[in-house]
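What follows is a short report on a single structure.
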Amino acid sequence: MPKAENTPLPPYPRLGECYRLLAKALDTKASNRHVDQLARQGDFDWQLITQLRQELIEAPLLARSNPDFTAFVMSAEKSFHQGYIKLIRTVQLDALTRQESLPALITHLFAPFAASFLLQMQRAVASPPIAMLLNDQQHPVAVIFSWLEHELGIEPHRLGHQLYPDANGENKNGRELMQRWRQGKQLPTLQRISLLQKTLLGAFTVRERLITAFTEWLIIARALAVFDEAAAAHLKLRDCILREVLSDVQPDDIGAKLAALNVQASAHKRDMVCHGLVLDDQLKRTTDKSVGQQARTRFALDQFRHQISIHEPESVSTYFLEFLEGRWHVLAGQLETALGHYEQAADLALYRSGETQKIILREALLLAAYQGALPLYKRLKHRALVMGFSFLPAWDEAVATAQELKTMRYNFEDRFPVHGRFPESRMSLH
Numbered sequence: 001m002p003k004a005e006n007t008p009l010p011p012y013p014r015l016g017e018c019y020r021l022l023a024k025a026l027d028t029k030a031s032n033r034h035v036d037q038l039a040r041q042g043d044f045d046w047q048l049i050t051q052l053r054q055e056l057i058e059a060p061l062l063a064r065s066n067p068d069f070t071a072f073v074m075s076a077e078k079s080f081h082q083g084y085i086k087l088i089r090t091v092q093l094d095a096l097t098r099q100e101s102l103p104a105l106i107t108h109l110f111a112p113f114a115a116s117f118l119l120q121m122q123r124a125v126a127s128p129p130i131a132m133l134l135n136d137q138q139h140p141v142a143v144i145f146s147w148l149e150h151e152l153g154i155e156p157h158r159l160g161h162q163l164y165p166d167a168n169g170e171n172k173n174g175r176e177l178m179q180r181w182r183q184g185k186q187l188p189t190l191q192r193i194s195l196l197q198k199t200l201l202g203a204f205t206v207r208e209r210l211i212t213a214f215t216e217w218l219i220i221a222r223a224l225a226v227f228d229e230a231a232a233a234h235l236k237l238r239d240c241i242l243r244e245v246l247s248d249v250q251p252d253d254i255g256a257k258l259a260a261l262n263v264q265a266s267a268h269k270r271d272m273v274c275h276g277l278v279l280d281d282q283l284k285r286t287t288d289k290s291v292g293q294q295a296r297t298r299f300a301l302d303q304f305r306h307q308i309s310i311h312e313p314e315s316v317s318t319y320f321l322e323f324l325e326g327r328w329h330v331l332a333g334q335l336e337t338a339l340g341h342y343e344q345a346a347d348l349a350l351y352r353s354g355e356t357q358k359i360i361l362r363e364a365l366l367l368a369a370y371q372g373a374l375p376l377y378k379r380l381k382h383r384a385l386v387m388g389f390s391f392l393p394a395w396d397e398a399v400a401t402a403q404e405l406k407t408m409r410y411n412f413e414d415r416f417p418v419h420g421r422f423p424e425s426r427m428s429l430h
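In this text, residue positions in the sequence shown follow the numbering used here: the first is 1, and each later residue adds one.
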């Protein structure tokens, strides 16, 4: 089945999108086609994330900063990654568009995490005033330079003149570049930050710890500026982070908040939601079906599709429709058609449907194995592995062995027993 055009973005940003933004923020992104492909297409290679983490973030950061700072950033990245995957797996946002979900994700997930990161860093190294760094009336890079000047006893805005005393040639360029950074006209690159650190160490030989901390905070300020810009269409990011920093209250359960938001977003289409849930019950895999139920559920599915077109300008519930279509066609013995619907459902459910995506992926994998659709099976298994779903012992030892496919084919027959199919189907599965 061809993929639908104009497929809506999932409410949760894909991991590829997250890593691409992080690499841009830290200025570690080299020429790497895989991260863009992950951002566009989703998780097509379960081992690629580990590789990208090392090549895209860790190695460039280590080359331009220092081991302690790199380890600190990578530890935070790992913690965020694990928490994010857990959230995606358990909390469905299937009533929300990307435009509706991002403000909540920024406010309740990213801002508290960023606040915790900044406070931990403040405790670890010499630090600027965090409230000033998060003041949206000042550019974060300018705040870091002002803090360094204060710590070094230099008059405000005179650091450039002290480092580059001549107003000609390279000195003039260095002074002007620093000024553009402070004004927010240009962000310092990771390479330029590294060069600036060397210049500072040459000028202030007894302040190595301060200058190292300044360099680390300058990288963070750069990242804040990039994140700020990325969030600007939805809210003021640094305001959100500042509220978290100043709050003494432990962060609330983000899962509960997002779940409540999802329920609220579906309130205006309650009849449509109920229709889908009734269909789900009628199309259970293992319940006995009556004569005529095949035609009745076919009519109900067509109605459900029509309701989605009326109630959802951006068809966020299409994943569930395609899942039910896949189920219906399996129960009707039309396995090849069913496989196309399951493929669509799996594509649309990821980063959207919480625990339901595991069910969809499992049934899609079973059917792909049964039909001998090896390329699709491998693609779906990569996604399952990224999300930490496991359906067989030693699931993550190989992508698709002959024994694994044989076992999955047997499991398909167990999952869709004969008595659960439509009596009219005359299904033959050999």
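In this text, a Cβ means the ideal position worked out from N, Cα and C, and glycines have one as well. Model, not experiment: these values are computed from the prediction.
In the three-state reduction of the DSSP assignment, VAL141 falls in the helix class.
A residue is called buried when at least 16 other Cβ atoms come within 10 angstroms of its Cβ; ASP94 meets this threshold and is buried. In the structure shown, MET74 falls within a helical segment according to DSSP collapsed to helix, strand and coil. Between ILE220 and the set GLU355, ASP271, ALA23, the nearest pair of CA atoms involves ALA23. In the DSSP assignment, HIS311 falls within the unbroken alpha helix (DSSP H) covering 293-311. Proximity of the segment 37-54 to the segment 203-222 falls short of the contact definition, fewer than three beta-carbon pairs being nearer than 8 Å.
Ranked by how close their Cα comes to the Cα of HIS139, the residues LEU15, LEU195, ARG305, ARG222 have ARG222 in first place. When rounded, the separation of the alpha-carbon atoms in GLY42 and GLN357 is 14 Å. Non-local beta-carbon contacts of LEU277 in its own chain, meaning distances under 8 Å to residues more than five positions away in sequence, are absent. Of the residues GLY174, ASN173, VAL143, CYS18, the one whose Cα lies closest to the Cα of PHE110 is CYS18. Cα atoms of LEU235 and GLU77: separation of roughly 23 Å, rounded to the nearest angstrom. Inside the segment 372-399, DSSP marks whole alpha helix (DSSP H) runs of 4 or more residues at positions 374-386, from first to last along the chain. In the three-state DSSP reduction, LYS289 falls in the coil class, being neither helix nor strand. In the displayed model, ILE154 falls within coil according to three-state DSSP, outside both helix and strand. Ranked by Cα distance from GLU100, the first of GLU314, HIS419, LEU350 is GLU314. Ranked by Cα distance from GLN334, the first of LEU52, SER317, ILE57, TYR370 is TYR370. DSSP places LEU261 in the uninterrupted alpha helix (DSSP H) bounded by 254-265.
Looking at GLY354, GLN162, HIS268, the one whose alpha-carbon comes closest to that of LYS86 is GLY354. Excluding its 5 nearest sequence neighbours in each direction, VAL316 has C-beta neighbours in its own chain below 8 Å: PRO8, PRO11, ASP94, ALA95, LEU96, THR97, ARG352, listed in chain order. The alpha helix (DSSP H) runs lying completely inside the segment 89-124 and spanning 4 residues or more are 98-105, 111-124, given in chain order. Shown here for LEU385: same chain residues with a beta carbon closer than 7 Å to its own, the five before and five after excluded, namely TRP46, ASP396 in chain order.
The DSSP-derived three-state label of PRO11 is coil. Residue state for GLU314 is assigned as coil, using DSSP reduced to three classes.
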